[in-house]
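**Q**
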Amino acid sequence: MAQERLRAAGLKRTRGRVAVLAVLLRCRRPLTPQEIYDRVDTGFDRVSVYRSLHTFSQAGLVHRVEAGDRLWRFAVCKHERHSVHCHPHFTCRSCGTLECLTGVPLPPLDHLSPGYRVEEQEVYVRGLCANCSGKQ
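In terms of this note's numbering, the sequence shown opens at residue 64 and continues consecutively.
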């Protein structure tokens, strides 16, 4: 799956890129570069992970998410070559888990004042995840 995505994006299918993208495809939530590095087979350095993530972001394979904790997280875009993510993100205030709420689309911003142009749209929802809410 990772090799096909890289090929479709016109990117070289290096061992490192395939490994990084495979980690993101397997995970159902956005990951920090450190979390990705920890899951990639040994033999890759952190710089390679960061370079791959930058390349993927530029190619529209992944989108970056920042949940107010100054850590960038990355998730695979559902639509190829589409790095704009029009869905909210949920952050658990107890454990810090961040999840894309892809089933909750954001409405288009059609009624802006003249001269305004949207470049990014981000919505964050904070609360307790299923694991943490069950503990209380």
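Cβ coordinates follow ideal geometry from the N, Cα and C atoms, glycine included.
1. Judging by CA-CA distance, which residue of Gly178, Cys195, Phe153 is the nearest neighbour of Val211?
2. How many angstroms separate the CA atom of Cys21 from the CA atom of Val110?
3. Taking 7 Å as the limit between beta carbons, can you name the residues of its chain near His145, skipping five residues before and five after?
4. Output yes or no for whether 9 Å exceeds the beta carbon distance between Gly79 and Val128.
5. Are the CB atoms of Met64 and Ala82 nearer to each other than 9 Å?
6. Excluding sequence positions up to five away, which residues of its chain have a Cβ less than 6 Å from the Cβ of Thr95?
7. Tell me which residue opens and which closes the beta strand (DSSP E) that Thr118 is part of.
**A** Looking at the atomic coordinates:
1. With the chain covering 64 to 199 only, the question about residue 211 has no answer from this structure.
2. The structure shown does not extend to residue 21, since the chain is modelled only from 64 to 199, so the question has no answer here.
3. Confidence at His145 is low in this model, with a pLDDT of 46, below 50, so the placement of that residue is unreliable and no value is reported for it.
4. Their beta carbons are not under 9 Å apart, which means Gly79 does not touch Val128 by this criterion.
5. Here Met64 is not near Ala82, since their CB atoms are 9 Å or more apart.
6. Contacts found: Leu134, Arg136.
7. Per DSSP, Thr118 belongs to no beta strand (DSSP E); it is in the alpha helix (DSSP H), 109-122.
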